[in-house]
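J.:
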Amino acid sequence: MGDRLRLLALDRDPRAPQRPPRTRQEVPARRRVGPPSGRDRRSRLGPRTPSADGTVHRGCYNRPVSLRKLSIVIPVYNEAATVEALIGRVQTVRLNVPREIIAVDDASTDGSGELLDKLKDDGVVVLRHEKNRGKGAAVRTGIAAATGDIILIQDADLEYDPSDFPALLGPILDGRADAVYGSRFLGGPHRVLLFWHFAANQFFTLLTNVLYNVNLSDMGVCYKVFRAELLRSFTLSEDRFGFEPEVTAKICKRHARLYEVPISYSGRTYAEGKKITWKDGLAYLRCLLRYRLAD
1 MGDRLRLLAL DRDPRAPQRP PRTRQEVPAR RRVGPPSGRD RRSRLGPRTP SADGTVHRGC
61 YNRPVSLRKL SIVIPVYNEA ATVEALIGRV QTVRLNVPRE IIAVDDASTD GSGELLDKLK
121 DDGVVVLRHE KNRGKGAAVR TGIAAATGDI ILIQDADLEY DPSDFPALLG PILDGRADAV
181 YGSRFLGGPH RVLLFWHFAA NQFFTLLTNV LYNVNLSDMG VCYKVFRAEL LRSFTLSEDR
241 FGFEPEVTAK ICKRHARLYE VPISYSGRTY AEGKKITWKD GLAYLRCLLR YRLAD
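Residue numbers (the numbering used here): 1 to 295.
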């Protein structure tokens, strides 16, 4: 073995530049998920094109990334205990992009709607469903009303911290991504998760990776950010938590440039208001298989 290594070392061109070893600290926080390669990648990305301000971007639609406004879509169902504080954090986080906040009340019965009405004077757009239809339906309603060039999904509880917005927006603002997912498993601080929730999420993330040839670490995360143009290139139909696998499947099938960034997470228990159940796990499985075969 030692002789073989010495022969390999002798075969190496001594004039070739030597790359310094990469330390753990040098690994970038942003993580590309399942990049395409070769001819398909070149045809999809197209040529680099300068924007009006001279910045060069290259997106999946061969056009410059236009960044006039960020739309933050917040589906709300029975979150009276947290929704005001959450929207306050969304309003105060420092961003370099103008924002619009769209809260969709999914027929709450705990007074969440009345609390949202008080926030209209602060510039919050409040939309309502007459009956409870589910998170996916509320997100679709918000997307339809959004006027921004980037759309970010934010839950109405306090599990996810808006202070992560700058990191989530970075790859899109840099023109390097069409969609960005937060990840609770890339090193950010987090409250200890319920084991079976963690195990289920890992299973469905693995299934996503196998079916769609990507390498996500957290498919079920709330924090998902998209170029609006990408989201509007396909139709969403899932009403409940099936939104997560559906939108993931459809952007993967379109070979969108997808990044992950580490985020913080403070998960809730069922006693504290967590709503996802084992039935939603079955919907995850159905969606991942269905959208692999049909759009």
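C-beta: ideal position from N, C-alpha, C; glycine also.
Does DSSP put G134 in a helix, in a strand, or in coil?
T.: As a first step, residue 134 must be located in the sequence shown, where it is residue number 134. In the structure shown, G134 sits in coil (DSSP, three-state: anything other than H, G, I, E or B).
J.: Are V214 and S183 closer than 8 Å when you measure CB to CB?
T.: On the sequence shown, residue 214 is found 214 positions in, with the first residue counted as 1. On the sequence shown, residue 183 is found 183 positions in, with the first residue counted as 1. It is not a contact, given that the beta carbons lie outside the stated cut-off.
J.: Would DSSP call R89 helix, strand or coil?
T.: Here residue 89 is taken as the residue at index 89 of the sequence shown, counted from 1. R89: helix per DSSP, three-state reduction.
J.: Can you tell me whether S163 is buried or exposed? The criterion is at least 16 other CB atoms within 10 Å of its CB, across all chains shown.
T.: Your numbering for residue 163 matches position 163 in the sequence shown. Flag for S163 reads exposed.
J.: Mapping DSSP to helix, strand and coil, what is K224?
T.: Sequence index remark: in the sequence shown, residue 224 carries index 224 (1-based). It is a strand residue.
J.: Do you know whose CA, among V124, R254, D218, Y181, lies nearest F198's CA?
T.: Position 198 of the sequence shown, counted from the first residue, corresponds to residue 198. Selected option, being the one with the closest Cα: D218.
J.: DSSP three-state call for V124: helix, strand or coil?
T.: Counted from its first residue, the sequence shown places residue 124 at position 124. DSSP places V124 in strand when its eight states are reduced to three.
J.: Return the CA-CA distance between N62 and G123, expressed in angstroms with no decimal places.
T.: The residue you call residue 62 lines up with position 62 of the sequence shown. The residue you call residue 123 lines up with position 123 of the sequence shown. Confidence is the limiting factor: at N62 the pLDDT is only 45, short of 50, which leaves the residue's position unreliable and the question unanswerable from this model.
J.: Can you list, in chain order, the residues of its chain with a C-beta nearer than 8 Å to that of K242? Leave out the 5 residues immediately preceding and following it.
T.: What you label residue 242 is simply residue 242 of the sequence shown in a count that begins at 1. Looking at the sequence provided, one finds Gly at residue 242 rather than Lys. Answer for G242: G136, D280, A283, Y284, R286, C287, listed in chain order.
J.: Alpha helix (DSSP H) containing E246: first to last residue?
T.: Indexing the sequence shown from 1 puts residue 246 at position 246. E246 -> alpha helix (DSSP H) spans 243-253.
J.: Helix or strand or just coil, what does DSSP make of A156?
T.: Counting from 1 along the sequence shown, the entry for residue 156 is found at position 156. Coil at A156, not helix or strand.
J.: Where do the ends of the alpha helix (DSSP H) carrying Y259 lie?
T.: To locate residue 259, count along the sequence shown from 1; it is residue 259. From DSSP, Y259 is part of no alpha helix (DSSP H) but of the beta strand (DSSP E) over 258-262.
J.: For V97 and I72, what's the separation of their Cα atoms in angstroms?
T.: Residue mapping note: residue 97 aligns to position 97 of the sequence shown, counting from 1. Residue mapping note: residue 72 aligns to position 72 of the sequence shown, counting from 1. Cα-Cα distance, rounded: 12 Å.
J.: Give the straight-line distance between the Cα atoms of R128 and I101, rounded to the nearest whole angstrom.
T.: Stepping through the sequence shown from its first residue, residue 128 is reached at position 128. Stepping through the sequence shown from its first residue, residue 101 is reached at position 101. Taking the straight line joining both Cα atoms gives about 14 Å.
J.: Quick check on D174: buried or exposed, where buried means 16 or more other Cβ atoms within 10 Å of its Cβ?
T.: Walking along the sequence shown from the start, residue 174 turns up at place 174. Flag for D174 reads exposed.
J.: Measuring straight from C-alpha to C-alpha, what distance separates L211 and R140?
T.: As a first step, residue 211 is located in the sequence shown; it is residue number 211 there, counting from the start. As a first step, residue 140 is located in the sequence shown; it is residue number 140 there, counting from the start. In a straight line, the C-alpha of L211 is about 25 Å away from that of R140.
J.: What is the rounded straight-line gap between the Cα of F234 and the Cα of D106?
T.: On the sequence shown, residue 234 is found 234 positions in, with the first residue counted as 1. On the sequence shown, residue 106 is found 106 positions in, with the first residue counted as 1. Approximately 23 Å between the Cα atoms of the pair.
J.: Going by alpha carbons, who is nearest to P262 out of E79, N78, F165, V76?
T.: Here residue 262 refers to the residue found at position 262 of the sequence shown. Of the listed residues, the one whose Cα sits closest to P262 is F165.
J.: Buried or exposed: T109, going by 16 or more other Cβ atoms within 10 Å of its Cβ?
T.: As a first step, residue 109 must be located in the sequence shown, where it is residue number 109. Exposed is the call here.
J.: Is it buried or exposed for G88, if we count other Cβ within 10 angstroms and need 16 for buried?
T.: As a working note, residue 88 is residue 88 in the sequence shown. By the neighbour-count rule (16 or more Cβ atoms within 10 Å), G88 is not buried but exposed.
J.: Looking at the strands, I want to know which residues DSSP matches up with I74.
T.: As a working note, residue 74 is residue 74 in the sequence shown. Looking at the DSSP assignment, I74 forms a beta bridge with A103.
J.: Which of the three DSSP states is assigned to V210 in this structure?
T.: Counting from one through the sequence shown, the residue named residue 210 turns up at place 210. Helix, per DSSP.
J.: Excluding the 5 residues preceding and the 5 following P171 in the sequence, name in chain order all residues of the same chain whose CB lies nearer than 7 Å to its CB.
T.: Locating residue 171 in the sequence shown gives position 171, where the first residue counts as 1. Cβ neighbours of P171 beyond the five flanking positions: R30, A177, V180, Y259.
J.: Considering Cα atoms alone, identify which of A81, R254, D149, Q91 is closest to D157.
T.: Position 157 of the sequence shown holds residue 157. Comparing Cα positions, the closest option is A81.
J.: Out of curiosity, what's the CA-to-CA distance linking L186 and S264?
T.: Walking along the sequence shown from the start, residue 186 turns up at place 186. Walking along the sequence shown from the start, residue 264 turns up at place 264. Answer to the nearest angstrom: the Cα atoms are 10 Å apart.
J.: Locate the beta strand (DSSP E) running through A179, then write down its first and last residues.
T.: Residue numbering aside, residue 179 sits at position 179 when the sequence shown is read from its first letter. Start and end: 179-183.
J.: For the alpha helix (DSSP H) containing S341, list its first residue and its last residue.
T.: Residue 341 lies beyond the residue range present for the chain, which begins at 1 and ends at 295; the question has no answer from this structure.
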